[in-house]
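Following: one structure in structure tokens, then a few remarks.
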Amino acid sequence: MTHQVPFVVLDLRFDRDVLLTDLRHDVGKALTGLGEDHLYDVLLVVTELVSNVLDHTPGQGRLRVLRRESPCEVTVEVDDTSSEHPVYGHSRLGEHRGRGVVMVEGTSSAWGITLLPDDGKTVFAVVPCP
Numbered sequence: 079m080t081h082q083v084p085f086v087v088l089d090l091r092f093d094r095d096v097l098l099t100d101l102r103h104d105v106g107k108a109l110t111g112l113g114e115d116h117l118y119d120v121l122l123v124v125t126e127l128v129s130n131v132l133d134h135t136p137g138q139g140r141l142r143v144l145r146r147e148s149p150c151e152v153t154v155e156v157d158d159t160s161s162e163h164p165v166y167g168h169s170r171l172g173e174h175r176g177r178g179v180v181m182v183e184g185t186s187s188a189w190g191i192t193l194l195p196d197d198g199k200t201v202f203a204v205v206p207c208p
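In our numbering, the protein residues as written are 79 to 208.
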């Protein structure tokens, strides 16, 4: 099996004024030809990772979406300025919150955190084709 290098299909900065519906629309347009179920999973991951930035950091971030055809997968990367890691299954915002990282883990084949050299982090998730 030949592994193709992923290519960036979307790279944009966002802040507290971002509308998640607009962001999801932009991601959907950038991922033309993706199967409906796969796109749904990618949009779920984008929503959860961007929402974490908006809810738990100063609210400025960067979203990158990378696509690979072989093997078929989409990687979502979200940068923020906080060094605090997402908390699995818990939220400081209330008992009915905190399932985002659990959903990201269930939807992706891999996810994790990379610390950035000048403060902050990148949270990423790889969403394979179903």
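Where is the CB? At the ideal position from N, CA and C, for every residue including glycine.
Treat the numbers as computed from the prediction; the structure is a model and nothing was measured.
Classify residue i: buried if its beta carbon has 16 or more other beta carbons within 10 angstroms, exposed otherwise.
i: residue 198; result: buried
i: residue 185; result: buried
i: residue 178; result: buried
i: residue 180; result: exposed
i: residue 188; result: exposed
Relative to the alpha-carbon of residue i, which residue among the options has its alpha-carbon at the smallest distance?
i: residue 139; options: 81, 99, 201; result: 201
i: residue 163; options: 137, 192, 142; result: 192
i: residue 129; options: 115, 88, 157; result: 157
i: residue 119; options: 86, 100, 151; result: 151
i: residue 111; options: 187, 99, 188, 146; result: 146
Tell me the rounded alpha-carbon separation between residue i and residue j.
i: residue 123; j: residue 196; result: 25 angstroms
i: residue 190; j: residue 165; result: 12 angstroms
i: residue 94; j: residue 82; result: 35 angstroms
i: residue 208; j: residue 121; result: 14 angstroms
i: residue 204; j: residue 153; result: 4 angstroms
i: residue 113; j: residue 194; result: 33 angstroms
i: residue 133; j: residue 89; result: 21 angstroms
i: residue 101; j: residue 148; result: 26 angstroms
i: residue 99; j: residue 206; result: 23 angstroms
i: residue 87; j: residue 103; result: 13 angstroms
i: residue 115; j: residue 107; result: 15 angstroms
i: residue 182; j: residue 137; result: 20 angstroms
i: residue 155; j: residue 131; result: 12 angstroms
Would you say residue i and residue j are within 8 angstroms of each other, going by their C-beta atoms?
i: residue 125; j: residue 160; result: no
i: residue 143; j: residue 105; result: yes
i: residue 117; j: residue 127; result: no
i: residue 141; j: residue 92; result: yes
Where do the N-terminal and C-terminal ends of the alpha helix (DSSP H) with residue i fall, by residue?
i: residue 178; result: 178-185
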